[in-house]
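Structure, as structure tokens:
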Amino acid sequence: MTCANGLSVIFLIIGIFILLGNSRLRQYSRNILHVNIFLVFLIRSITQLIAEIFMDKGYFTHNVFQRTDVCNRTTIYFKHHLVDCKLFVVFINYISSSVVHWFVFCEALYLYRLLRAKASKDQIRWYIITGWLAPLCLTIITYTTRFLLKKDLHSCWFEPSIYDWILHGPNVILQILNFLIFAYVCILLVRKLNKTYQTATFSEHRRFAKYSRLARSTLILLPLFGVHYFLFLWNTKPLLISNVILIHLTVHTISSSLQGSMVALIYTVVNCEVQREILRNIDRCLMRHCPSWEQPNLFRDYINKLEDVRLYSIDYQKRVSIPNLCRYAETNIVI
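Note that numbering that gives the first Met the number 0 has the sequence shown beginning at 0, numbered continuously upward.
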């Protein structure tokens, strides 16, 4: 999955540069939350690339030997404690298995509270603090407990342990909560669509437009909420079907590796707020360096049409602004 991780690294770096490089985008507190989740995905992709290089070169295996006891049981040992190997595994689990789930949950919770008209700028700071510190505390507790109770000093902590559930248990709960929030937002979309089209003449074209917009909005929310984590919670090993296990692992690995690039694209490339600022910067740069530059009507009209998408809370009928997707203002959600 080197290509997928490399693609995510490129898109995430560009996304961070766009959100932090523009002063108007930087002043929105929600974009600071987006930058943090970009940073998490970026660190995860780089860490996975480094892990693949280490595995290919046998960094974690060249110091391994086997020991067989009188009962003919084979145990794998490392020639030394491999402190660097242990720390690397701890860091991978902290970033890949924990921080990602916590920050995806914080983004989902922020959107949920935004739709319920209960979100505030002050809460974003606590979302960021929780996203970094909560998994750090769980990681420290997990591996401290494993070190003190299991006494596996001669292993690199690659093999699973019952103590890992201290770290992974909350992740499973977060995945379930993310899926529930995703379902709530989808229900809200359906209600909004029904309200929009209830006075319209339901021709085949209008019906197709309704469901195609619902499908687009739902597909956009899939990587944002990490729905694939919930879909792959079930274990394929008891099935003992090699093809099913292979498909399960392949789809899960590809979707996880590409999640960072998909999130970066949704928050930047297809975000009309970001598009508008980029086009304005291009226009100002051309006017500054090319005195003869005259803004084409098509260029000016396109900038003017890039308006924020608004979504109304059903309970409060309060208009809330969230970053948007282009052209589908009456149905699409933008984070």
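For glycine and all other residues, C-beta sits at the position ideal for the given N, C-alpha and C.
Pairs of beta-carbons, one from the segment 86-104 and one from the segment 0-11, closer than 8 Å: are there three or more? no
Taking Leu179 as the reference, which of Gly225, Ile139, Tyr142 has the closest Cα? Gly225
Counting along the chain, where does the alpha helix (DSSP H) carrying Arg115 start and finish? Per DSSP, Arg115 belongs to no alpha helix (DSSP H) and is neither H nor E.
Can you name the start and end residues of the alpha helix (DSSP H) that Thr1 belongs to? 1-20
If you follow the alpha helix (DSSP H) that Glu85 is in, where does it begin and where does it stop? Just to set this straight, residue 85 is Lys in the shown sequence, not Glu. First-last of the alpha helix (DSSP H) with Lys85: 82-93.
Are there three or more Cβ pairs, one per stretch, closer than 8 Å when the segment 90-97 is compared with the segment 12-32? no
Could you round the C-beta distance between Ile17 and Val273 to whole angstroms and report it? I think they count as a contact, below 8 Å. 6 Å
Residues of its chain near Phe104, where Cβ-Cβ distance is below 7 Å and the 5 sequence neighbours each way are ignored: Leu173, Leu176, Asn177
Where the alpha helix (DSSP H) containing Gln26 begins and where it ends: Here Gln26 belongs to no alpha helix (DSSP H), and DSSP marks it neither H nor E.
Contacts around Pro237, its chain only, beta-carbon distance under 7 Å, and the 5 residues preceding and following it disregarded: Bear in mind that the predicted position of Pro237 carries a pLDDT of just 46, short of 50, making it too unreliable to give a figure here.
Same chain, Cβ closer than 7 Å to Thr144, five either side skipped, listed in chain order: Tyr162, Ile165
Assuming Ile13 contacts Leu38 (C-beta within less than 8 Å), just tell me the rounded distance between them. 13 Å between Cβ atoms; not a contact.
Assuming the contact rule is C-beta atoms closer than 8 Å, Ile36 and Val189 should be a hit. Round their C-beta distance to whole Å, please. With a Cβ gap of about 27 Å, Ile36 and Val189 do not count as contacting.
For Phe231 versus His251, is the C-beta distance shorter than 7 Å? yes
Label Trp125 either buried or exposed according to how many other C-beta atoms from any shown protein chain fall within 10 Å of its C-beta, with 16 as the threshold for buried. exposed
Is it the case that the Cβ atoms of Asn21 and Glu276 are separated by a distance below 7 Å? yes
By Cβ distance, which residues of its chain are closer than 7 Å to Gly130, with the 5 residues on each side in sequence left out? Asn35, Val98, Trp101, Phe102, Cys105
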